[in-house]
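Chains as they are written, first to last, in our numbering: chain A, 40 to 493; chain B, 40 to 493.
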């Protein structure tokens, strides 16, 4: 019997995260205060984020950041996550490629998001914070933060986009089971929410509004900090535990990836699996390809523009140098809710600009088709977000079939789809459509960012 | 950092199942043909079940049954399942007990049921069968069989109790994603279904009717066999892979269980974790206690009677010597749908009668309370069925706290609750009630079995 799954001993769980910023040939451009256009310092972030996370956000020097022992102990309840050779998927495709996946779906919250939630909750606790808050759309991040808060004895308040609150009751229940307080957004608990509800009592909410409500709560509550599950540099940092483990596990399998593939929303999952391998391209001359798989309905890397833009729709955040579709971009309501974000993280955008990574976009019907094949061959029903990475993997594996090359492909399975079965139902009944964006539509949205760069 | 999870190398996945029948001091009484009262031979089962499973059902001789290599290869995609030391649950309870759980929720279908589904599908395929069929209530077994059929290239038809079909759409979607055809039962596809629907077009179905429909399909379709997910001896046999792994993993942890605990419906999960350890009580004089945790609403072991009874409501099966509440028993609609069965498997009933195991019953609110504590401490949201094992574990761990004894408790986490979040919702909103059965009610139901024993 050929070995299929590779798992590390608990003592081999990484002791440090890898800080990509420290090794980049071109450092990311500074994050700017939109009023003064001055580069942000860590202190500028302290009112909203924990101090430690704020420092990590702007650290361009230290290559290795120690993982606190208390966080590592929490990691040990689900890490190392398995690295799996997808023999049955290979067989179904008839490809000579060797396909591996890193299975992050085994975490308590069902996705990779917990890797950063535990770190952020821990740093908050250490700083004397008692309450943390965040927004959630699809619910993966909210579920992860709820669990992390529970582990470190913090109160957790999640603003959940009202349409998701109603459409994804299981996600809400998961957060409640982990002990968090969930408020549908917009709500009457903040000025931002009230303003919207007094104009339209039936407002179904948006991620932009939920962010505003969570930040307002953090700013107006003693000992309360805000947290974010993607886009930011310190989130990417925490996620590198994925790739660092995968590196050791690929060694166990006796292989090194020719391609590393992940889905791409704000970039946290992609960073996690890619950065530890990408450092070898920079430092050791390896030639691995890094492929971000994004939805055609939200193609920030394939069709966006690199410039300064706001991180949120309302324009409350600092200005970030990034690939963006414009902060006014309104993505279609695809089922991969976690990939519906207009911009890419700052580090990732610089790496994309400098040619260290590439991107491909996929219509959602193709991603569900890929997800069903994966479920039937490898036995894990993937989250709609993860289906994008699978679609890209299948595409590359079929190229190998044509060329006859036995390339090694590693992709990240970011989460499972057990609470997304409604989306699969709609795929089977043919109720899922693809969304084609014209160049004119995209150009119109990007204008909202263009204005900030004049 | 203390080691928390114990995982076996792939080569240590068991090569044989353990056949409890071979070592029992008192063999189970024969299964009888209800018309002739003669003991059943394997051939009598061939029209419905595969030949190999029929032989295993009545095998009282061979202690070790080889696991076919093709089944073992499929096991390797999720086995060994982790054995976990529940440090955080221990801490929350303040108990000196050492609590371990065997996590069967990591399988493709989310529960232990797949261990037998893969074996049954494999034997069917080897015999030249092309189609397999079954019934499902809660959906755990149907999902497992759907996946197993997919792996061995069989068509799979599942009759799903109509009320579940409508109330548990996610379970239905999981089966569909794995490629099965799902029919709400009663249906117009069988005589049994038609008879009911012509009387009452709104009949919401029952497990009894779904069994009848599946058996009718198997009998009337060329190359089609019926399968069952619990109760039967061959199902218990396949599940022993759980306990055999756990035995090696407990060795890795340097401990041996003073108590082994599992939830109890028909007995497949309990057999799986308990039998491999129970053989040491019989053969080596070990003194481990084996505790079956059943719902107060369906207390076959704690309040049932040992006698011959039918395995189904309609009286289509052979007569089984077992602890039963009577085949006419109508359990309340508790959320642990997988535990709503009137009888206990034949081997288990004999062992219970002979004092090798004990049973405790729990009201469902207590089990959900236990499940929430487990989710918050150990990070896995348990299936409502598994919550019964957790409730029993907590009860025993608190006894250790009182007595100051550091006993070692091992329980089986049979499945996760990601698709049962609706039940948790209702628990949180106080919509879940307990069901108290009077002695008179129970006696009335048991009469349906008493009549068969005169």
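Note that CB positions come from ideal geometry on N, CA and C, so glycine has one too.
Using a C-beta cutoff of 8 Å, does residue 214 of chain B count as contacting chain A?
As a working note, residue 214 of chain B is residue 175 in the second chain. Using a CB distance cut-off of 8 Å, residue 214 of chain B does not count as an interface residue toward chain A.
Reducing DSSP to helix, strand and coil, say where residue 344 of chain A ends up.
In the first chain, counting from the first residue as 1, residue 344 of chain A sits at position 305. Residue state, collapsed to three classes: strand.
Hey, residue 226 of chain B and residue 252 of chain B are a contact pair by Cβ (cut 8 Å); roughly how many whole angstroms apart?
The residue labelled residue 226 of chain B in the question sits at position 187 within the second chain. The residue labelled residue 252 of chain B in the question sits at position 213 within the second chain. With 8 Å as the limit, residue 226 of chain B and residue 252 of chain B qualify as a contact, their Cβ atoms being about 6 Å apart.
Please name the residues in the region 87-113 of chain B whose beta-carbon is closer than 9 Å to at least one beta-carbon of chain A, in chain order.
For the region 87-113 of chain B, which is checked against every Cβ of chain A, the residues closer than 9 Å are 108, 111, 112 and 113.
Do you know whose CA, among A:290, A:366, A:235 and A:119, lies nearest residue 337 of chain A's CA?
Translated into positions along the first chain, residue 337 of chain A becomes position 298. It is A:366 whose Cα lies nearest to the Cα of residue 337 of chain A.
At least three beta-carbon pairs within less than 8 Å, the region 172-181 of chain A to the region 325-341 of chain A:
The region 172-181 of chain A is not in contact with the region 325-341 of chain A.
Span separating the alpha-carbon of residue 435 of chain B from that of residue 298 of chain B:
Translated into positions along the second chain, residue 435 of chain B becomes position 396. Translated into positions along the second chain, residue 298 of chain B becomes position 259. Whole-angstrom Cα-Cα distance: 9 Å.
Among all the DSSP beta bridges, which residues are the ones paired with residue 103 of chain A?
As a position in the first chain, residue 103 of chain A is number 64, starting the count at 1. Answer is A:57.
What is the residue span of the beta strand (DSSP E) that residue 331 of chain A lies within?
Sequence index remark: in the first chain, residue 331 of chain A carries index 292 (1-based). Residues 328-334.
Does the beta-carbon distance from residue 384 of chain B to residue 306 of chain B come in below 8 Å?
Looking up residue 384 of chain B in the second chain gives position 345. Looking up residue 306 of chain B in the second chain gives position 267. In this structure, residue 306 of chain B lies closer than 8 Å to residue 384 of chain B by Cβ.
Between residue 247 of chain B and residue 352 of chain B, is the Cβ-Cβ spacing less than 8 Å?
Your numbering for residue 247 of chain B matches position 208 in the second chain. Your numbering for residue 352 of chain B matches position 313 in the second chain. Their beta carbons are under 8 Å apart, which means residue 247 of chain B touches residue 352 of chain B by this criterion.
Under a three-way DSSP split, which group does residue 205 of chain B fall into?
Taking the second chain and counting its residues from 1, one reaches residue 205 of chain B at position 166. It is helical.
Tell me whether residue 348 of chain A is buried or exposed, calling it buried when 16 or more other Cβ atoms sit within 10 Å of its Cβ.
Numbered from its first residue, the first chain carries residue 348 of chain A at position 309. By the neighbour-count rule (16 or more Cβ atoms within 10 Å), residue 348 of chain A is buried.
Which same chain residues, not among the five before or five after residue 213 of chain A, have their C-beta less than 6 Å away from its C-beta?
Numbered from 1 along the first chain, position 174 holds the residue referred to as residue 213 of chain A. So the qualifying residues of the chain are 182.
For residue 265 of chain A, the residue or residues it bridges with in DSSP
Translated into positions along the first chain, residue 265 of chain A becomes position 226. DSSP lists A:172 as partners of residue 265 of chain A.
Span of the beta strand (DSSP E) holding residue 196 of chain A?
Your numbering for residue 196 of chain A matches position 157 in the first chain. Run containing residue 196 of chain A: 194-200, per the beta strand (DSSP E) assignment.
For the candidate residues A:197, A:176 and A:222, whose alpha-carbon lies nearest to that of residue 186 of chain A?
As a position in the first chain, residue 186 of chain A is number 147, starting the count at 1. Among A:197, A:176 and A:222, the Cα nearest to that of residue 186 of chain A belongs to A:197.
Between A:230, A:263, A:262 and A:237, which lies nearest to residue 249 of chain A when the distance is taken from Cα to Cα?
The residue given as residue 249 of chain A occupies position 210 in the first chain. The shortest C-alpha separation from residue 249 of chain A is found at A:230.
Continuous beta strand (DSSP E) stretch holding residue 399 of chain B: start and end
Residue 399 of chain B sits at position 360 when you count from the first residue of the second chain. 397-401 is the span of the beta strand (DSSP E), which, as asked, contains residue 399 of chain B.
I need the straight-line Cα distance from residue 108 of chain A to residue 155 of chain A, nearest angstrom please.
Start at 1 with the first residue of the first chain, and residue 108 of chain A comes out as number 69. Start at 1 with the first residue of the first chain, and residue 155 of chain A comes out as number 116. Their Cα atoms are separated by approximately 14 Å.
Interface positions of the region 407-423 of chain A facing chain B (Cβ-Cβ less than 9 Å), listed along the chain
410, 411, 414, 415, 416, 417, 418, 419 and 420
Measuring only the C-alpha atoms, how far is residue 132 of chain B from residue 456 of chain B?
Locating residue 132 of chain B in the second chain gives position 93, where the first residue counts as 1. Locating residue 456 of chain B in the second chain gives position 417, where the first residue counts as 1. About 22 Å.
Would residue 406 of chain A pass as a contact of residue 427 of chain A if the rule is Cβ separation under 8 Å?
Indexing the first chain from 1 puts residue 406 of chain A at position 367. Indexing the first chain from 1 puts residue 427 of chain A at position 388. It is a contact, given that the beta carbons lie within the stated cut-off.
CA-to-CA distance, residue 136 of chain A to residue 532 of chain B, given in whole angstroms
A query on residue 532 of chain B cannot be resolved here, the shown segment of chain B reaching from 40 to 493 and no further.
Which residue wins for smallest C-alpha separation from residue 268 of chain A, given the options A:184, A:200 and A:324?
Counting from 1 along the first chain, the entry for residue 268 of chain A is found at position 229. Ranking the options by Cα distance to residue 268 of chain A, first place goes to A:184.
Helix, strand or coil, according to DSSP, for residue 443 of chain B in the structure here?
Translated into the one-based positions of the second chain, residue 443 of chain B becomes position 404. Residue 443 of chain B falls in the coil class under three-state DSSP.
Closer than 7 Å by beta-carbon distance: list the chain A residues that pair up with residue 310 of chain B, in chain order.
Translated into the one-based positions of the second chain, residue 310 of chain B becomes position 271. Within chain A, no residue has its beta carbon less than 7 Å from that of residue 310 of chain B; the closest one is some 24 Å off.
Considering residue 111 of chain A, what are the terminal residues of the alpha helix (DSSP H) in which it resides?
The residue you call residue 111 of chain A lines up with position 72 of the first chain. Residue 111 of chain A -> alpha helix (DSSP H) spans 108-114.
When you compare the CB positions of residue 357 of chain B and residue 70 of chain B, do they come within less than 8 Å of one another, or not?
Numbered from its first residue, the second chain carries residue 357 of chain B at position 318. Numbered from its first residue, the second chain carries residue 70 of chain B at position 31. Cβ distance < 8 Å, so residue 357 of chain B and residue 70 of chain B count as in contact.
Find the residues of chain B that neighbour residue 160 of chain A, judging by a C-beta separation of less than 8 Å, and give them in chain order.
For the purposes of this step, residue 160 of chain A is taken as residue 121 along the first chain, with counting starting at 1. In chain order: nothing, as chain B lies at least about 13 Å away.
Under 8 Å, Cβ to Cβ, is there at least one residue of chain A near residue 49 of chain B?
Residue numbering aside, residue 49 of chain B sits at position 10 when the second chain is read from its first letter. Yes, its Cβ sits closer than 8 Å to a Cβ of chain A.
To the nearest angstrom, report how far apart residue 202 of chain B and residue 375 of chain B are at their CA atoms.
Locating residue 202 of chain B in the second chain gives position 163, counting from the first residue. Locating residue 375 of chain B in the second chain gives position 336, counting from the first residue. Approximately 14 Å between the Cα atoms of the pair.
Residue 246 of chain A - DSSP class collapsed to helix/strand/coil
Position 207 of the first chain, counted from the start, is the residue given in the question as residue 246 of chain A. Reduced to three states, the DSSP call for residue 246 of chain A is helix.
Kindly list the residues whose CB is nearer than 6 Å to the CB of residue 121 of chain A, restricted to its own chain and excluding five residues on each side of it in sequence; keep chain order.
Taking the first residue of the first chain as 1, we reach residue 121 of chain A at position 82. In the same chain as residue 121 of chain A, and ignoring 5 residues on each side of it, the C-beta atoms closer than 6 Å to its own belong to 44, 46 and 142, in chain order.
Alpha carbon to alpha carbon, what distance is there between residue 180 of chain B and residue 295 of chain A?
Counting from 1 along the first chain, the entry for residue 295 of chain A is found at position 256. Counting from 1 along the second chain, the entry for residue 180 of chain B is found at position 141. Cα to Cα, the separation comes out at about 39 Å.
So residue 147 of chain A contacts chain B; which residues on that side make the cut at Cβ distance below 9 Å?
On the first chain, position 108 is the one that residue 147 of chain A refers to. The answer, in chain order, is 414, 417, 418, 419 and 420.
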